[in-house]
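**Student:**
Chains as they are written, first to last, in the working numbering: chain G, 1 to 243; chain X, 244 to 568.
(1) Threshold first: 4 residues or longer. Then list the alpha helix (DSSP H) segments lying entirely within the region 526-560 of chain X, N to C.
(2) How should residue 101 (chain G) be labelled, buried or exposed, when 16 other C-beta atoms within 10 angstroms of its C-beta is the threshold for buried?
(3) What beta strand (DSSP E) runs, 3 residues minimum, are completely inside the region 24-75 of chain G?
(4) Since residue 383 (chain X) and residue 440 (chain X) are thought to touch, with beta carbons under 8 Å apart, how far apart are those beta carbons, to the nearest angstrom?
(5) Where does residue 205 (chain G) fall in DSSP's three states?
(6) Taking the straight line between their C-alpha atoms, what separation do you get for residue 64 (chain G) and residue 14 (chain G)?
(7) Mind checking whether residue 490 (chain X) and residue 306 (chain X) have CB atoms under 8 Å apart?
(8) My output table needs one value for residue 152 (chain G): the three-state DSSP class, helix, strand or coil.
(9) Quick one, are the C-beta atoms of residue 229 (chain G) and residue 122 (chain G) less than 8 Å apart?
(10) Do you know offhand how far residue 41 (chain G)'s Cα is from residue 259 (chain X)'s?
(11) If the criterion is Cβ atoms closer than 8 Å, does the pair residue 200 (chain X) and residue 446 (chain X) meet it?
(12) For residue 312 (chain X), tell me which candidate among X:479, X:473, X:505, X:488 has the shortest Cα-Cα distance.
(13) Tell me the DSSP secondary structure of residue 491 (chain X) in three-state form.
(14) At a CB-CB cut-off below 7 Å, which residues of chain G make contact with residue 533 (chain X)?
(15) Any idea what DSSP makes of residue 166 (chain G), helix, strand or coil?
(16) Pull the bridge partners of residue 197 (chain G) from the DSSP assignment, please.
(17) Specify the secondary structure class of residue 239 (chain G) as computed by DSSP and reduced to three states.
(18) Have a look at residue 315 (chain X) and residue 505 (chain X) and give me their C-alpha separation to the nearest angstrom.
(19) Check whether the region 26-36 of chain G touches the region 68-80 of chain G, taking contact to mean three or more Cβ pairs, one atom from each stretch, closer than 8 Å.
(20) Compute the distance between the beta-carbons of residue 125 (chain G) and residue 19 (chain G), then report whether it is under 8 Å.
(21) Are the Cβ atoms of residue 266 (chain X) and residue 400 (chain X) separated by less than 8 Å?
(22) Going along the chain, which residues of its own chain have a beta-carbon closer than 7 Å to the beta-carbon of residue 432 (chain X), five neighbours each way excluded?
(23) Could you please give me the residues that DSSP links to residue 228 (chain G) through a beta bridge?
(24) Check each residue of the region 197-215 of chain G: if its Cβ is closer than 8 Å to any Cβ of chain X, include it; give the result in chain order.
(25) So with Cβ pairs under 8 Å, would you call residue 26 (chain G) a contact of chain X?
(26) Taking the C-alpha atoms as reference points, what is the distance between residue 91 (chain G) and residue 44 (chain G)?
(27) Using alpha carbons as the reference points, say which of G:4, G:172, G:107 lies closest to residue 319 (chain X).
(28) Can you tell which of X:280, X:334, X:251 has its C-alpha closest to the C-alpha of residue 292 (chain X)?
(29) Just to confirm, are residue 468 (chain X) and residue 379 (chain X) a CB contact at a threshold of 8 Å?
(30) At a Cβ cut of 9 Å, what residues of the region 493-506 of chain X count as close to chain G, listed as they run along the chain?
(31) Helix or strand or just coil, what does DSSP make of residue 411 (chain X)?
(32) Is residue 211 (chain G) helix, strand or coil by DSSP?
(33) What is the rounded straight-line gap between the Cα of residue 239 (chain G) and the Cα of residue 21 (chain G)?
(34) In terms of residues, what are the limits of the alpha helix (DSSP H) holding residue 338 (chain X)?
(35) Is the region 520-527 of chain X touching the region 539-556 of chain X in the sense that three or more CB pairs, one from each, lie closer than 8 Å?
(36) Would you mind stating whether residue 339 (chain X) and residue 387 (chain X) have Cβ atoms separated by less than 8 Å?
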């Protein structure tokens with residue numbers, strides 16, 4: 001390869017070790033990318049000539065990386081047609097993940113909606129490795145299709161959240177999902193006494209450079225790719241998550 | 244040290260420069276923009292250029308890499324020795340804009356393409372008394388800039404101020420064109436007068452004002468302000484497929500267009516006209532300042548001057564601030 005190592009836009013070629021079809025529009029791949037990463041971080045996945053997409057990491061390992069991908073655009077459609085042994089291009093990992101070390105000793109409520117369960121899976125893997133550092137772990141998910149990734153309840157998360165009795169005491173919430181779902185969930189959490197500094201959300205935005213310059217992912221002056229994608233709610237824009 | 248170069252020696256001197264340097268400056272060819280100078284008679288200093296100088300270093304269509312026969316290859320120029328460049332005719336706003344781009348592309352992130360194009364470039368400033376028009380507000384911005392040489396226009400000559408050792412070297416190298424002068428520059432010489440003034444620099448407190456919507460009523464979200472802005476530096480990558488290779492190119496992006504925040508699945512994160520308009524104004528006047536201690540905006544007024552509906556956000560901010568609690 002005739003590329004310099006310090007060029008932030010040049011991806012590296014990696015092999016797909018495993019391919020697993022999850023649902024009609026969702027699949028997981030395990031790639032041969034041995035890089036240290038934190039739960040909540042993402043990588044830029046690309047295919048030359050097609051484009052590049054930011055994909056959150058759903059594993060926690062130094063030996064491989066697992067990505068759960070929903071087929072929504074040209075890049076993800078094309079990747080879905082690949083198979084084990086094929087090659088894709090990766091750069092990253094990027095961004096600030098969940099502050100797992102700072103949150104030691106807390107109870108954790110994980111809330112995922114749709115594809116938002118993918119980054120949460122990395123957290124679950126992490127907690128498995130450091131289980132004694134955290135107290136109660138609750139997982140609430142919203143799924144409208146069978147997703148073999150994690151067994152989830154069908155239906156709306158908001159209905160489930162209204163029903164459960166959960167105390168905000170020593171508890172932090174990790175939230176990831178579609179914008180409309182996150183708005184509703186934050187509303188319910190507030191009504192249950194959760195403060196904004198207890199809620200961590202993983203934001204989704206269009207990303208091009210992933211190194212904090214191209215501007216597409218900017219939310220009220222903060223780069224989702226560099227300052228996020230995980231934001232503590234009180235450190236983010238209050239209204240509408242900063243449109 | 245201060246020097247003098249007479250008008251009749253100025254263009255021949257620039258012509259001389261083109262033998263040793265790639266010289267870029269304001270060129271009139273239906274519109275004025277910063278271009279490589281091949282014909283010195285086309286140099287147009289009188290008016291602020293319509294297009295900014297940013298494209299010289301932050302090049303539209305920059306090839307990021309090519310993918311040929313299974314290998315990624317960076318463009319060759321990143322490894323080659325540059326021919327030295329001179330960028331001349333920069334008004335104070337455009338000089339300051341180079342500094343903002345330097346911050347964005349070398350401090351905020353390390354961009355190899357910009358850095359390579361920017362290295363070995365001398366900056367020559369240009370000042371004249373009646374610099375601006377009704378839309379400039381550069382004197383309301385605390386402009387920070389550096390230059391190698393600065394040219395002050397007088398009735399038949401330029402006063403030339405040196406701002407660096409490299410600038411001094413240029414004068415020495417082309418000594419026959421310049422004469423020393425004992426004159427000392429005064430504050431009056433450096434003064435630029437603007438009609439438009441931005442009276443409030445703390446716009447955070449007026450973010451939620453409803454009156455922004457009135458301003459947005461005139462906005463067509465056309466992105467012209469992004470195009471003519473000397474500091475707007477947002478970009479995107481585009482992949483193209485040729486016969487036996489693929490190319491990833493970088494193009495300038497416009498935050499006023501819906502595609503700026505459109506993700507796969509067709510969701511647009513910032514689709515309201517007022518939100519897009521405010522995003523640009525706040526990036527220019529607040530967000531960049533929060534990170535780097537100075538505004539991104541340099542007050543050149545191009546965004547108002549070339550706006551099809553002449554959206555004057557400066558006056559709007561002044562009005563809103565007066566009414567603010």
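Backbone N, C-alpha and C fix where the C-beta goes; we use that ideal spot for every residue, glycine too.
Remember, predicted model here, so these are calculated numbers, not experimental data.
**Tutor:** According to the structure data:
(1) 531-535, 545-548
(2) exposed
(3) Unbroken beta strand (DSSP E) stretches of 3 residues or longer found wholly inside the region 24-75 of chain G: 26-31, 42-47, 51-56, 65-70, given in chain order.
(4) Rounded to the nearest angstrom, the Cβ distance from residue 383 (chain X) to residue 440 (chain X) is 5 Å, consistent with a contact under 8 Å.
(5) Coil.
(6) Approximately 11 Å between the Cα atoms of the pair.
(7) The Cβ atoms of residue 490 (chain X) and residue 306 (chain X) sit closer than 8 Å to each other.
(8) No answer about residue 152 (chain G) holds up, because its pLDDT of 49 lies below 50 and its placement is not dependable.
(9) no
(10) Residue 41 (chain G) and residue 259 (chain X) have their C-alpha atoms roughly 54 Å apart.
(11) Since the first and last residues shown for chain X are 244 and 568, residue 200 (chain X) lies out of range.
(12) X:488
(13) strand
(14) Near residue 533 (chain X) (Cβ distances below 7 Å), the residues of chain G are 221.
(15) coil
(16) Residue 197 (chain G) pairs with nothing; no bridge assigned.
(17) With a pLDDT of only 45 at residue 239 (chain G), under 50, the local geometry of the prediction cannot be trusted, and the value read off the model is given with reservation. Correct three-state label for residue 239 (chain G): helix.
(18) 28 Å
(19) yes
(20) no
(21) no
(22) 395
(23) Answer by DSSP bridge pairing: none, since residue 228 (chain G) is not bridged.
(24) 204, 205, 206, 208, 209, 211, 212, 213, 214, 215
(25) Among the residues facing chain X, residue 26 (chain G) is not included, as its CB has no counterpart in that chain under 8 Å away.
(26) For residue 91 (chain G) and residue 44 (chain G), the distance between alpha carbons rounds to 5 Å.
(27) Among G:4, G:172, G:107, the Cα nearest to that of residue 319 (chain X) belongs to G:4.
(28) X:334
(29) no
(30) 493, 496, 498, 502, 503, 504, 505, 506
(31) helix
(32) Collapsing the DSSP output to three states places residue 211 (chain G) in coil.
(33) Legend: pLDDT at residue 239 (chain G) = 45, less than 50; position of this residue unreliable, no value from coordinates given.
(34) 335-345
(35) yes
(36) yes
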